[in-house]
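Trainee:
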Amino acid sequence: NDFLPPWLKDCAVYGEAAACRNKMSKNVIERKKLELQRRQLLHECVSTLRKASSNDSELKGLLQLNSEFNTKTCRDGRSYHQKLCHLKELVENFNTLVADIINRRSTDSSSVQDILRQIEDVIKGFRKDATDVAEALQHEETDLWQACLLSEKRIASWNEEDISKVLESNTARTMYRSRSVPWLDVTKDLTPEVVEYEHFLESTGGRFGGWTDKEHAIFLKFFNRPATTSVRKSSDSINTEDKQPGFAVDPGDLENRHRFGDTTITPQIDNTSEDKQLSRALALHRKVALLIGTKSPEEILEHEAWWKRLRELEKSKRQAIQKWRTSKQTATASNKQDLPNDSAQPNTATPMTKAEMEAKRTAVEQWRQQQEQQRKQKKEAEIAEEIKNAAKQKQLIQQHQDESKKKLSEYQTVKDLRELQLARHLAVQAEEDRIIVRQRLNESADRILSRVCAERHFQRLTQPTDSWKQRLGAPREPCSIQTGLNPESRPARMKPHWMRED
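Residues in the sequence shown are numbered consecutively from 117, following my numbering.
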């Protein structure tokens, strides 16, 4: 290109510009076609929704929202257009006044200041409107983001594997938060009630039962209150656990008690009240499951049973601790009374208790260190697995890209080969057609030479032709020769028609 003449370079640039313009025109045409298709699809969608909204209230509400949105958009656009036109007028007035002041046609600067204040007020109004709209959009985005997260949790809960993974992670997190100690190693000197309570927490996922703190808090909003039942119970047949706050009525317990003849409920129970109570309990479970988003009503029922069992164990634990404290105080008081009589005997129980406490503390510390080490190892293994998976994924992506490039190059090679073969075939066919046409022309010339035989007549060029002979033999009329321009010799055609004599 450096050695090309200037006019050829200009032609090349002009050709590139023309190609670019053609491409842009094609893109504009395609965009217009797509815009037309979009409008047609929108019109068809709205018409379909209008037809279907006659039988569906939700679609009717959707169409109403769409119409309200369009009305609001048109109204806002009209108001913004008016504001922009007003701002344009102010700017034009400002430019006119500034030009007058520069040209010394006017010396009034107060009007310029007033226009500047008006322009600033309009711009501040635009900024305020933009800020309000941004805040409203931010609030809507937050609400939509929360709704999306809730929907994502619901979709994830549809898969049993995802549910098990969530439960395992929640259980590990709650166990780490509670920092409970294995009951077999540490609770050997505790009461059976405390041991059972600790073992129950360890086996069920901690203080939240394998749930997160937010999920358990939502559960407690509905179940940590006095239960209100419509089933009539006798005053002497209500159990102690039914009197405790925080217990809701279990439909399964009511059904089992009525089936197996439990004496705690009177035999004369209204079936309608039972159905109402069951429907209320099921509605409550569905409501809590809907608010949590990741739990089903069956899981809510299981968590309610777990919560009841936890409250029972807590009550028994408190009673056992109270009994132990009372017995400890009684033993301490008796030891103080027997202390003067046994002063000569050495107190051998104190070193034993300290040693046991030290051993227990050492065991707890070792267990914590072991758990911390296991957690670190697990985390390192997870990180290594993630790195390995990432490398494997990267390798697969690279392999896929290489295969795609290879297939693309093969396709391009085959395409070029086909085009080359097609060009050769067309060239050969054109050459064959040209040879065939030439052969046909030669054959036609040979046929003409073979069929037409004319002798040469050399004297024909010097002899007169037939038409010449006819012209020479034709009679000639005498023609008058006019000399001068007298009126008698003038031709009649030079006079007007009305002046000629008959």
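We put the beta carbon where it would ideally sit given N, CA and C, even for glycine.
1) For TRP440, collect the residues of the same chain with a Cβ closer than 8 Å to its Cβ; drop the 5 residues on either side in sequence, then sort them by chain order.
2) Flag this pair as yes or no: are the beta carbons of LEU265 and LEU426 separated by less than 9 Å?
3) Helix, strand or coil: which one does DSSP assign to ALA471?
4) To which residues of the same chain is LEU542 closer than 8 Å at the C-beta, ignoring the five residues directly before and after it?
5) Considering Cα atoms alone, identify which of ILE271, LEU213, ARG402 is closest to SER226.
6) Let me confirm a value: LYS392 is counted as buried when at least 16 other C-beta atoms fall within 10 Å, else exposed. Which label applies?
7) By a C-beta neighbour count over all protein chains shown, 10 Å radius and 16 as the cutoff for buried, is ILE354 buried or exposed?
8) DSSP on ALA561, reduced to helix/strand/coil?
9) Quick one: using the 10 Å Cβ neighbour count with 16 as the cut-off for buried, is MET473 buried or exposed?
10) Quick one: using the 10 Å Cβ neighbour count with 16 as the cut-off for buried, is PHE574 buried or exposed?
11) If you follow the alpha helix (DSSP H) that LEU181 is in, where does it begin and where does it stop?
12) Return the Cβ separation of PHE335 and LEU400 in integer angstroms, given the expectation that the two are a contact with Cβ distance under 8 Å.
13) Please report the Cβ distance between VAL162 and HIS202, rounded to the nearest whole angstrom; I am assuming they are in contact, meaning their Cβ atoms lie under 8 Å.
14) Going by the beta-carbon positions, is the gap between ALA421 and PRO413 smaller than 9 Å?
15) Compare the Cα-Cα distances from LEU179 to each of THR189, ARG166, CYS190, LYS188 and report the closest residue.
16) Measure the alpha-carbon distance for ASN209 versus CYS190 and round it to whole angstroms.
17) Find out if the Cβ-Cβ distance for the pair LEU206, ILE235 is shorter than 9 Å.
18) Any heavy atom of the ligand PLP closer than 8 Å to the beta-carbon of GLN545?
19) Measuring only the C-alpha atoms, how far is GLU309 from VAL480?
20) Tell me whether HIS613 is buried or exposed, calling it buried when 16 or more other Cβ atoms sit within 10 Å of its Cβ.
21) On the three-state DSSP scale, how would you describe CYS569?
22) What number of angstroms, rounded off, separates the C-alpha of MET615 from the C-alpha of PRO580?
23) From the DSSP output, in three-state form, read off TRP614 for me.
24) Specify the secondary structure class of LYS411 as computed by DSSP and reduced to three states.
25) Under 9 Å between the Cβ atoms of GLU331 and LYS444?
26) Consult DSSP for ARG221 and reduce its assignment to one of helix, strand or coil.
27) In this structure, how does DSSP classify THR290 when only helix, strand and coil are distinguished?
28) Whole-angstrom Cβ separation of HIS419 and TRP327, contact assumed at under 8 Å?
29) DSSP state of PRO591, grouped into three classes?
30) Applying the criterion that 16 or more other CB atoms from any shown protein chain within 10 Å of the CB defines a buried residue, is ILE145 buried or exposed?
31) Rounded to a whole number of angstroms, what is the C-alpha to C-alpha distance between TYR527 and GLN511?
32) Would you kindly work out how many angstroms separate the C-alpha atoms of LEU150 and ASN143, rounded to a whole number?
33) State yes or no: is the C-beta of ALA168 within less than 9 Å of the C-beta of LEU157?
34) For the alpha helix (DSSP H) that LEU336 lies in, which residues bound it at each end?
Mentor: Looking at the coordinates:
1) Start at 1 with the first residue of the sequence shown, and residue 440 comes out as number 324. Excluding positions up to five away in sequence, the list reads THR307.
2) Position 149 of the sequence shown, counted from the first residue, corresponds to residue 265. Position 310 of the sequence shown, counted from the first residue, corresponds to residue 426. Not a contact, by the Cβ cut-off of 9 Å.
3) For the purposes of this step, residue 471 is taken as the residue at position 355 of the sequence shown. Correct three-state label for ALA471: helix.
4) On the sequence shown, residue 542 is found 426 positions in, with the first residue counted as 1. Cβ within range, chain order: n/a, list empty.
5) Taking the first residue of the sequence shown as 1, we reach residue 226 at position 110. Nearest of ILE271, LEU213, ARG402 to SER226, Cα basis: LEU213.
6) Counting from one through the sequence shown, the residue named residue 392 turns up at place 276. With fewer than 16 neighbouring CB atoms inside 10 Å of its own CB, LYS392 falls in the exposed class.
7) The residue labelled residue 354 in the question sits at position 238 within the sequence shown. Only weak support exists for where ILE354 lies, its pLDDT of 34 falling under 50; the coordinates are left without a value.
8) For this step, residue 561 is matched to residue 445 along the sequence shown. Note: ALA561 maps to helix in three-state DSSP.
9) In the sequence shown, residue 473 corresponds to position 357, counting from 1. That one is exposed.
10) The sequence position of residue 574 within the sequence shown is 458, counting from 1. Counting Cβ neighbours within 10 Å, PHE574 comes out exposed, since fewer than 16 surround it.
11) Residue 181 sits at position 65 when you count from the first residue of the sequence shown. 173-218 is the extent of the alpha helix (DSSP H) around LEU181.
12) For the purposes of this step, residue 335 is taken as the residue at position 219 of the sequence shown. For the purposes of this step, residue 400 is taken as the residue at position 284 of the sequence shown. Contact between PHE335 and LEU400 is absent: CB atoms are separated by about 11 Å, not below the 8 Å threshold.
13) Within the sequence shown, numbered from 1, the residue matching residue 162 stands at position 46. Within the sequence shown, numbered from 1, the residue matching residue 202 stands at position 86. About 34 Å separates the beta carbons of VAL162 and HIS202, which is beyond the 8 Å limit, so they are not a contact pair.
14) For the purposes of this step, residue 421 is identified with residue 305 of the sequence shown, where counting begins at 1. For the purposes of this step, residue 413 is identified with residue 297 of the sequence shown, where counting begins at 1. In this structure, PRO413 does not lie closer than 9 Å to ALA421 by Cβ.
15) Residue 179 sits at position 63 when you count from the first residue of the sequence shown. Checked all of THR189, ARG166, CYS190, LYS188; the closest Cα to LEU179 is ARG166.
16) If you number the sequence shown from 1, residue 209 lands on position 93. If you number the sequence shown from 1, residue 190 lands on position 74. The straight-line gap separating the alpha-carbon atoms of ASN209 and CYS190 is approximately 29 Å.
17) Reading the sequence shown from its first residue, position 90 is the one you call residue 206. Reading the sequence shown from its first residue, position 119 is the one you call residue 235. Yes, they are a contact pair.
18) This structure lacks the ligand PLP, and indeed carries no ligand of any kind.
19) As a first step, residue 309 is located in the sequence shown; it is residue number 193 there, counting from the start. As a first step, residue 480 is located in the sequence shown; it is residue number 364 there, counting from the start. So the two alpha carbons sit approximately 21 Å from each other.
20) Indexing the sequence shown from 1 puts residue 613 at position 497. Per the 10 Å Cβ criterion, exposed.
21) Taking the sequence shown and counting its residues from 1, one reaches residue 569 at position 453. DSSP places CYS569 in coil when its eight states are reduced to three.
22) For the purposes of this step, residue 615 is taken as residue 499 along the sequence shown, with counting starting at 1. For the purposes of this step, residue 580 is taken as residue 464 along the sequence shown, with counting starting at 1. In a straight line, the C-alpha of MET615 is about 48 Å away from that of PRO580.
23) For the purposes of this step, residue 614 is taken as residue 498 along the sequence shown, with counting starting at 1. In the structure shown, TRP614 sits in a helix (DSSP, three-state: H, G or I).
24) In the sequence shown, counting from the first residue as 1, residue 411 sits at position 295. In this structure, LYS411 counts as coil in the three-state DSSP scheme.
25) Within the sequence shown, numbered from 1, the residue matching residue 331 stands at position 215. Within the sequence shown, numbered from 1, the residue matching residue 444 stands at position 328. No. Outside cutoff.
26) The count along the sequence shown starts at 1 and reaches residue 221 at position 105. Look at ARG221 here: in three-state DSSP terms it is coil, with no helix or strand label.
27) If you number the sequence shown from 1, residue 290 lands on position 174. Because THR290 sits at a pLDDT of 49, beneath the cut-off of 50, its placement in the model cannot be relied upon, and the point is left open.
28) For this step, residue 419 is matched to residue 303 along the sequence shown. For this step, residue 327 is matched to residue 211 along the sequence shown. Yes, HIS419 and TRP327 are in contact; Cβ-Cβ is about 7 Å, under 8 Å.
29) Counted from its first residue, the sequence shown places residue 591 at position 475. Three-state DSSP puts PRO591 in coil, outside helix and strand.
30) One-based indexing of the sequence shown puts residue 145 at position 29. With fewer than 16 other Cβ atoms inside 10 Å of its own Cβ, ILE145 counts as exposed.
31) Residue numbering aside, residue 527 sits at position 411 when the sequence shown is read from its first letter. Residue numbering aside, residue 511 sits at position 395 when the sequence shown is read from its first letter. In this structure, the alpha-carbon of TYR527 lies about 24 Å from that of GLN511.
32) The residue you call residue 150 lines up with position 34 of the sequence shown. The residue you call residue 143 lines up with position 27 of the sequence shown. Approximately 10 Å between the Cα atoms of the pair.
33) Along the sequence shown, one-based indexing puts residue 168 at 52. Along the sequence shown, one-based indexing puts residue 157 at 41. Cβ atoms of ALA168 and LEU157: not closer than 9 Å.
34) One-based indexing of the sequence shown puts residue 336 at position 220. Unbroken alpha helix (DSSP H) run through LEU336: 329-339.
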